[in-house]
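Convert by adding 317 to the 1-based position in the sequence shown; the result is the number in this note's numbering.
Glycine residues also receive a C-beta, built at the ideal position from the N, C-alpha and C atoms.
In this text the structure is predicted, and so the values were computed from the model without any measurement.
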Amino acid sequence: MNCRDFLETQIATDGPMQIDRFMQICLSHPDFGYYGSRDPFGRGGDFITAPEISQLFGEMMAGFMAYLWNASGQPAASDMIRFEAGPGRGTLFRDMHKTYQKITPSLSKAPAYFLEASEYLRTRLTTEIAPEVPHFLKTLSDLPPKPLFGIANEFFDALGVRQACFNGGCWVWRCIDLDDGKFKFTHTTPLSQAELQAASLPPSPEEGDIYETSPLSDTLMHTLSQHIAQYGGGFLICDYGKSDGYGDSLQAVKAHAKAEVLADPGACDITHLVDFSALARQAQKAKARLIGPVEQGAFLTEIGIQARAEALRRPEQPETDRMLLAALDRLCAPQQMGQIFKVALLVPDGAGLPPGFASAGD
């Protein structure tokens, strides 16, 4: 059975399917999910993430985490953990690890924990980041009770999202159904009072409004926030996102081009814009603090990526020099990744803004 057949069977049996369930099957099913049997990253895949563009990204993230480690009292390697959600094939981890070895050896020696659902990618990680030995988590509740210094880059955008539509004077779920052998969007009956409350929908909608909510993102963020609030450390979230849940941001990509969301299930990446306000609410509920988000370009510029790029330049190697400057532009320029991609920081409750987050006070 392939992904399409499985979805058709599920819908025929249970009726219209929530979008987050559709995404979960298409992306994470162990037998035919998108991430279950392929390496989607880089020029040979379907999309390129910031770590794939340049080592600069991982170096800057490691430098920031070293600052945070210092501000946290410099815990010993045995008294803390490194953590990454959605590490992919380990490019970001390797770049950060190399930087830690140079500037903060204690962080390079701290045990590494990964949250990675794909068995295929777990196998890749085990072999490609050797001699490091990662600990793979089945659930975030398995995190050791120690300060956590971690990162999630393009992780929350791939978690399932639900869409509530204000239609006919009431909120209804936008779901996926079958029509003559093709998948299509449809609407359910009005949401119950419990569903309305759980989804944190806006109180004064207008006809046609769409509001997105991600129950899985909320659950994971709440667990991480509880951990940070109790044990300390910090967790960077880098993703393309928005400041609230309004709007239809569902999209698909295949071979570095936009694709139809419902056309080729299991064979393309399906994502949504991360609602950072929802993540902040979960942090607040757990008595932690989410700083930001700020634009990725502003964050990287403020923590010194231009100076680092300048130090790496080799004018005697014009092609290498050109590639470095192109990577810098792609990471930071507003028309590239600099504006749509955001950076936020989860820390224990408190006050003040760390380097990189000056614009969060605007």
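- Comparing alpha carbon positions, the residue from 583, 670 and 599 closest to residue 348 is 583.
- Bounds of the beta strand (DSSP E) holding residue 528 are 527-530.
- Going by beta carbons, residue 431 and residue 551 fall outside the 8 Å limit.
- In this structure, DSSP gives residue 609 an extended state, which the three-state scheme calls strand.
- DSSP places residue 557 in the uninterrupted beta strand (DSSP E) bounded by 550-559.
- If the five residues before and after residue 464 are omitted, its C-beta is found closer than 8 Å to the C-beta atoms of 389, 392, 396, 397, 398, 548, 549 and 550, all from its own chain and listed in chain order.
- In the three-state reduction of the DSSP assignment, residue 474 falls in the helix class, which pools H, G and I.
- Taking the Cα positions, residue 585 is about 37 Å away from residue 665.
- Between residue 542 and residue 628, the beta carbon gap of about 36 Å keeps them out of contact (Cβ cut-off 8 Å).
- Between residue 533 and the set 578, 456, 383 and 449, the nearest pair of CA atoms involves 456.
- Excluding residues up to 5 positions away in sequence, 432, 469 and 472 lie with their Cβ nearer than 6 Å to the Cβ of residue 402 in the same chain.
- Residue state for residue 456 is assigned as coil, using DSSP reduced to three classes.
- Counting only runs of 3+ residues, the beta strand (DSSP E) found wholly inside the stretch 463-518 occupies 465-470, 479-484, 487-496 and 499-507, in chain order.
- For the 8 Å CB-CB criterion, residue 367 and residue 648 form a contact.
- The three-state secondary structure of residue 334, taken from DSSP, is strand.
- Note on geometry: alpha-carbon atoms of residue 644 and residue 632 lie some 16 Å from one another.
- Exclusion of the five residues before and after residue 379 leaves 413, 416 and 417 as the residues of its chain whose Cβ lies within less than 6 Å of its Cβ.
- A residue is called buried once 16 or more other Cβ atoms fall within 10 Å of its Cβ, and residue 337 is buried on that count.
- In the structure shown, residue 581 falls within a coil segment according to DSSP collapsed to helix, strand and coil.
- In this structure, residue 608 places its C-beta atom within 8 Å of the C-beta atom of residue 670.
- In the DSSP assignment, residue 339 forms no beta bridge with any residue.
- At a Cβ-Cβ threshold of 8 Å, residue 596 and residue 538 count as neighbours.
- Fewer than three beta-carbon pairs drawn from the stretch 559-567 and the stretch 504-514 are found closer than 8 Å, and the two stretches are therefore not classed as touching.
- Scanning its chain for C-beta atoms nearer than 6 Å, with the 5 sequence neighbours on each side dropped, one finds around residue 385 the residues 551, in chain order.
- Residue 554 and residue 613 have their C-alpha atoms spaced approximately 10 Å apart.
- With fewer than 16 neighbouring CB atoms inside 10 Å of its own CB, residue 420 falls in the exposed class.
- With 16 or more other Cβ atoms inside 10 Å of its own Cβ, residue 343 counts as buried.
- As summarised for the stretch 602-648, the continuous beta strand (DSSP E) elements at least 3 residues long and confined to that stretch are 605-612, given in chain order.
- Of the candidates 516, 488 and 323, 488 places its Cα closest to the Cα of residue 524.
- Judged by DSSP secondary structure, residue 430 falls within the beta strand (DSSP E) whose first and last residues are 429-432.
- A check of alpha carbon separations from residue 493 across 326, 661, 318 and 319 identifies 326 as the nearest.
- For the pair residue 591 and residue 660, the CB atoms are not nearer than the 8 Å cut-off.
- Shown here for residue 535: same chain residues with a beta carbon closer than 7 Å to its own, the five before and five after excluded, namely 595 and 599 in chain order.
- Within the DSSP bridge table, the entry for residue 661 names 554 as partners.
- For residue 372, the enclosing alpha helix (DSSP H) begins and ends at 372-388.
- The three-state secondary structure of residue 402, taken from DSSP, is strand.
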